[in-house]
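Numbering of the sequence shown is given in the numbering used here, commencing with residue 150 and proceeding in unit increments.
Glycine included, each C-beta is placed from N, C-alpha and C at the ideal position.
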Amino acid sequence: KADLVKKIDDLRKDGAIPMIHTVRDESDRNGIRIVVELKIGGEVMVVLNQLFARTALQSNFNVNNLALVDGRPMLLTLKDMLVHYIAHRKEVVTRRTRYDLRKAEERAHILLGLKIGLENIDEVIKIIKESADNSIAMDELMRRFGLTQVQAQAIIDMRLGRLSHLESAKILEELADLEQKIAYYKDLLADEQKILAVVDDETKNLVPSLVPKDKRRSKIVREELGQATMEDFIKEEEVVVLISNKGFAKRIPTEEYEAQGRAGKGTRTTRLQDGDFVDHMFVASTHEYVMFVTNAGKAYYTKVFEIPEASKAAKGTSVKNILQIETDEKITSIINFKEFDDEHFLMMVTREGVVKKVSLRNFINARARGIRALFLDEGDELLSCELVEDGDDVMIITQLGRGLRIDQASVRAMGRAARGVRGIRLRGADKVAGLLKVDNERRILMITENGQGKQVHFSEFRVHGRATQGQRIYTIGGRAKSIVGVLSVNDDFDVVCVTLMGQTIRVHVEQISIQGRAAAGVRVASMKFDGDRIVAIASTERDDEEEVQVPEALSQEEEQEIAQVETDD
């Protein structure tokens with residue numbers, strides 16, 4: 150104890166554990182007590198973890214599991230010891246059962262002879278009385294009743310007192326009991342699982358005799374406390390994670406976040422400063438992962454608890470202060486998940502229509518510095534990503550109004566170094582506008598650069614082969630030059646449109662018409678300035694306190710322009 154206190158104080162003096170202020174020994178006759186006081190701001194669990202790692206506060210005791218196996222010394226693991234012990238117990242139970250079976254069968258054989266003798270008692274007595282000696286009597290009994298020598302001897306040795314009715318009943322009762330035991334022993338020997346069940350029951354019955362009278366003073370832990378990480382000291386709880394359009398992130402405890410319905414008031418969590426707005430929001434455990442994928446084809450991840458907690462009104466922390474993202478990289482997709490496994494895949498699509506699917510497990514080393522998720526051809530960029538698994542379909546939508554629905558299984562899983570395969574065949578100058586995972590509880594929302602838009606049900610599209618042109622999803626022509634963005638939405642969302650000249654336009658999704666594949670759409674957003682156009686869109690939580698535009702029907706002139714495009718097509 151004194152050495153431990155001295156060691157802790159030496160670590161304090163040397164600055165090895167700088168958060169310790171003082172250490173003192175307050176042990177007395179009531180027990181051992183060592184007090185370690187921390188400096189202001191010191192983390193108790195962090196210091197305790199360092200003490201476990203650097204001092205004798207935690208000690209390891211190694212066990213040399215050397216044992217004789219079939220007469221040879223062997224060093225056994227805990228599993229090996231259990232396997233050999235169970236095999237030994239199986240052999241013990243088997244040999245014991247065979248012995249019990251043999252003894253039961255021998256006794257039952259004798260009782261069966263006595264039963265025959267009792268059933269023919271008068272004739273048995275007559276044979277014995279008329280015989281010159283026991284040997285002649287035994288031979289006659291064996292001949293007359295088909296008895297064995299053992300049975301005949303038992304009848305001759307039987308005392309006259311056992312001929313009473315009560316004694317006869319006991320013999321019959323014992324015989325019936327033995328027949329049940331014999332059946333049980335034979336059934337047990339024929340089934341290995343039943344032998345293991347006996348081993349299990351007998352082992353459990355040993356426990357009460359092995360439990361000490363006083364309580365255990367030591368603890369069995371799964372791993373050395375010195376190997377603990379910061380995550381071990383973070384409480385696992387659900388939080389709301391919010392990431393803004395301008396790349397600011399924060400997390401808020403769920404109890405502080407006021408969830409709102411469609412008819413409720415919006416919260417300040419989605420209304421930020423300087424025209425910024427939340428375009429990624431999800432509920433996750435503090436121990437889950439958040440992956441950021443950039444247009445340069447790199448993936449980064451962090452734990453949810455590493456995103457700083459902030460109030461609802463706070464701006465949050467720039468993602469570039471959390472991750473080491475290059476200045477020329479732009480975050481295109483954000484995905485949260487529980488673990489790196491082989492059942493989930495990152496499905497990626499580039500502007501030029503290349504798709505690639507990579508198992509999540511391949512990104513386990515991404516961390517804050519990032520790793521390459523996709524190698525891009527010159528002039529191409531990573532546009533969008535979705536987390537998929539078996540049974541999922543995805544939609545690839547192009548700027549000139551083509552939509553291709555494919556089964557994710559049609560794209561084979563690849564390594565991170567692969568370049569991907571052709572996802573959709575583009576015509577002319579067409580480019581990809583977005584990638585969506587098919588969700589029949591949501592709809593596809595598309596907005597064009599001149600502010601036209603519509604919603605379409607996923608069910609409007611059937612699955613096609615990869616590298617085909619797909620189906621028409623929007624008629625592009627006239628003033629609508631191209632689709633600038635696609636979203637998967639329902640009525641609980643608002644869509645926010647950002648223009649080239651910095652205008653931000655918010656629209657309630659439920660007010661945008663749901664139309665067929667060839668429909669012209671409606672006027673979703675109107676620009677204030679000539680020459681302005683929409684350059685990006687994002688979905689955010691519906692906010693009934695924010696100013697919104699109301700979609701309008703297209704003018705007759707616009708309808709005619711689109712009709713002419715359909716005729717030409």
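Residue pairing of Gln-604 in beta bridges, as defined by DSSP: Leu-594 and Ile-663.
Counting of Cβ neighbours within 10 angstroms places Leu-355 among the exposed residues, the total staying below 16.
Just so you know, the alpha carbons of Leu-703 and Gly-670 end up roughly 8 Å apart.
If the five residues before and after Asp-529 are omitted, its C-beta is found closer than 8 Å to the C-beta atoms of Thr-499, Arg-500, Glu-501 and Val-503, all from its own chain and listed in chain order. Comparing C-alpha distances from Ser-434 to each of Gln-473, Leu-509 and Thr-451 shows the shortest one belongs to Thr-451.
Under the DSSP assignment, Phe-486 falls in the beta strand (DSSP E) whose first and last residues are 480-486. For Gly-262, the enclosing alpha helix (DSSP H) starts and ends at 227-268.
In the assembly as shown, Asp-336 is an exposed residue. Its beta-carbon has fewer than 16 other beta-carbons within 10 Å. When secondary structure is reduced to three states using DSSP, Ala-685 falls in the strand class.
The C-beta distance from Gly-626 to Ser-559 rounds to 31 Å, too long to meet the 8 Å contact threshold. Around Leu-217, the same chain offers Met-223 as residues with beta carbons nearer than 8 Å, after the five sequence neighbours per side are excluded.
Burial check for Lys-364: the Cβ neighbour count within 10 Å stays below 16, so the residue is exposed.
Bridge partners of Met-440 according to DSSP: Tyr-450 and Ile-484. Comparing alpha-carbon positions, the option among Ala-448, Gln-548, Pro-457 and Thr-547 lying closest to Leu-523 turns out to be Ala-448. Distance check between Tyr-248 and each of Asn-213, Asp-229 and Ile-331 places Ile-331 closest, using alpha-carbon atoms only. The bridge partners DSSP lists for Glu-186 are Thr-171. Taking C-beta atoms as the reference points, Arg-666 and Ser-637 fail to come closer than 8 Å. Counting the other CB atoms within 10 Å of its CB gives Ala-151 a total below 16, which places it among the exposed residues. In the structure shown, Pro-357 adopts helical secondary structure according to DSSP, grouped into three states. DSSP places Phe-201 inside the alpha helix (DSSP H), whose first and last residues are 193-203. Taking every protein chain shown into account, the CB of Pro-357 has fewer than 16 other CB atoms within 10 angstroms, so this residue is exposed. With a 10 Å radius around the Cβ and a threshold of 16 neighbouring Cβ atoms, Ile-593 comes out buried.
The C-alpha of Val-242 is placed about 55 Å away from the C-alpha of Val-439. Counted as a single uninterrupted DSSP element, the stretch harbouring Asp-692 is not any alpha helix (DSSP H), since DSSP gives it neither H nor E.
Annotation: Val-360 to Lys-353 spans about 12 Å, alpha carbon to alpha carbon. A distance below 6 Å between beta-carbons, with the five flanking residues on each side excluded, links Cys-534 to the following residues of its chain, in chain order: Val-442, Ser-482, Leu-495 and Met-497. Exclusion of the five residues before and after Gly-540 leaves no residue of its chain whose Cβ lies closer than 6 Å to its Cβ. By the criterion of at least three beta-carbon pairs nearer than 8 Å, the segment 672-690 is in contact with the segment 647-654. By the CB criterion at 8 Å, Val-273 and Leu-290 fall inside the cutoff.
For Met-496, DSSP records a beta bridge to Lys-506 and Glu-535. Between the segment 389-406 and the segment 461-468 there are three or more inter-stretch CB-CB distances shorter than 8 Å, so the stretches are counted as touching. By the Cβ neighbour-count rule, Lys-278 is exposed, with fewer than 16 other Cβ atoms within 10 Å of its own.
Of the candidates Ala-301, Arg-161 and Leu-227, the residue whose Cα lies closest to the Cα of Thr-204 is Arg-161. In this structure, DSSP gives Asp-428 an extended state, which the three-state scheme calls strand.
If you look at Asp-556, you'll find it in the beta strand (DSSP E) that goes 551-556.
Per DSSP, Ser-284 is one residue of the alpha helix (DSSP H) stretching across 283-294.
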